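Let me begin by presenting the structure, written as structure tokens, before commenting on it.
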Amino acid sequence: ATLLATLSLASTSALALTVGFSQIGSESGWRAAETTLTKQQAEQRGIDLKFADAQQKQENQIKALRSFIAQGVDAILVAPVVATGWDAVLKEAKEAEIPVVLLDRMVDSDKDLYLTAVGSDLVHEGKVAGDWLVTEVNGKPCNVVELQGTTGSSPAIDRKNGFEQALAGHDNLKIIRSQTGDFTRTKGKEVMESFLKAEDGGKNICALYAHNDDMAVGAIQAIKEAGLQPGKDILVVSIDAVPDIFLALAAGEANATVELTPNMAGPAYDALDAFFKDGTLPPKFIQTESKLYTQADDPKKVYEEKKGLGY
Ligand code: GYE
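Read in order, the letters of the sequence shown correspond to residues -16 to -1, 1 to 295 in mature numbering (1 follows the signal peptide of the UniProt record, and there is no 0).
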């Protein structure tokens, strides 16, 4: 629908927006929760949500965006699997006067090619994780292995940078191995198994930094199968704060996680409402909170609170 037509519609009736959502897939518990909450809130707000699952492939996301444009949706939500390669399709959306909102990951394209982006400060998350480890090892030598997120995604790039910023100047901490586990439990376990084999059965590893909890949960399994105690022989710090990491924290098998809210859709829908109601332009970045949780934060209680929230 053209912007003007929608604006005139909006002035006469409640906003009945049609929104296309290109979701990456369901590689992690966090991603599944984001999908649940995006659908639930569309329902509650009377938004007609067209959902497309890209199965982790950028070309499927680009196809979905082109289909939404052809359908003439009022707005597009997209969680961009990687940061590059979006200019052409975002230009097509702009020409069609369809505002695009990015969820939880960023793109390298010009900011004028999207209305706003809702997400956390991904560099800060990595720094919070690194700062926790620096404090925890307290000057002792510590070889770290790193499970990176999806190659080329903004969280993988930024969470690595933030963690390295935290370790700068602390030569007792060294990242000895770093590889992508693609944000999944399966791959996280596989890659951790290879790290353990390569590092004397894990005797040479003091800590694991995983870019998300799902890879950490897979790695915890691998550490146990190697006869070591995760959370003690190998410290475990990760990001997302999904329910299952709180079970690991409660069992002493993980040590810290940095929370990422799966509710990116709420701020996105609010921005779209204001935009269609009276043309209000949101800031280009709507930042969500990042909070550190450790074993000291009553993980059992947090698990009970979180497990119903769409995960
Ligand atoms: O941390 C992970 C998901 O894009 C920041 O994607 C998000 C990440 C999140 O696979 O669980």
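Just so it is clear, CB atoms sit at the ideal spot from N, CA and C, and this is done for glycine as well.
From a predicted model like this one, the values you see are computed outputs, not experimental measurements.
Excluding sequence positions up to five before and after residue 98, its CB lies within less than 6 Å of the CB of 84, 86, all in the same chain and listed in chain order. Inclusion of residue 244 in the 7 Å shell around ligand 1 follows from its C-beta lying nearer than that to a non-hydrogen atom of the ligand.
Residues of the same chain with a CB within less than 8 Å of the CB of residue 100, apart from the 5 flanking positions on each side, are 85, 86, 252, 255, 266, 267, 268, 269, 270 in chain order. For residue 153, the closest alpha carbon among the candidates 145, 118, 130, 74 is that of 118. Remark: the C-beta of residue 133 is in contact range of ligand 1, defined as less than 7 Å to any heavy atom. Relative to ligand 1, even the nearest heavy atom lies 7 Å or more away from the CB of residue 251. In this structure, the straight-line span from the alpha carbon of residue 280 to that of residue 221 is close to 14 Å. The Cβ atoms of residue 227 and residue 295 lie closer than 8 Å to each other. If you check the C-beta of residue 229 against ligand 1, you find no heavy atom less than 7 Å away. Rounded to the nearest whole angstrom, the CA to CA distance from residue 276 to residue 230 is 12 Å. Rounded to the nearest angstrom, the gap between the Cα atoms of residue 239 and residue 182 is 23 Å. Rounded to whole angstroms, residue 42 and residue 123 show a C-alpha spacing of 42 Å.
Between the C-alpha atoms of residue 69 and residue 96 there is a straight-line separation of about 16 Å.
Contact between the region 6 to 26 and the region 49 to 64 is present: 3 or more CB-CB pairs across the two stretches fall below 8 Å. Here residue 250 carries a helix assignment [DSSP, helix/strand/coil]. Here residue 17 has 246, 294, 295 as same chain residues with Cβ atoms under 6 Å from its own Cβ, once five neighbours each way along the sequence are excluded. If you check the CB distance, residue 23 and residue 35 come in under 8 Å. Membership of residue 103 in the beta strand (DSSP E) is indicated by the continuous run 100 to 104. The Cβ atoms of residue 114 and residue 147 lie closer than 8 Å to each other. Rounded to whole angstroms, the separation of the alpha carbons of residue 81 and residue 260 is 12 Å. The region 173 to 181 and the region 129 to 139 touch, with no fewer than 3 CB-CB distances between them shorter than 8 Å. Proximity of the beta carbon of residue 189 to ligand 1 is not indicated: no heavy atom of the ligand is located closer than 7 Å. A direct Cα-to-Cα measurement between residue 212 and residue 218 gives close to 8 Å.
Nearest Cα to residue 111 within the set 121, 28, 145: 145.
In the three-state reduction of the DSSP assignment, residue 95 falls in the helix class, which pools H, G and I. Given a length threshold of 3 residues, each whole run of the beta strand (DSSP E) inside the region 189 to 251 is given here in chain order: 191 to 194, 219 to 224, 240 to 243. Burial state of residue 241 is buried, judged by a 10 Å Cβ sphere holding 16 or more other Cβ atoms. When the alpha-carbon of residue 169 is set against those of 199, 208, 142, the nearest one is in 199. Taking C-beta atoms under 8 Å as the contact rule, residue 109 and residue 1 fail to qualify, at a distance of about 31 Å.
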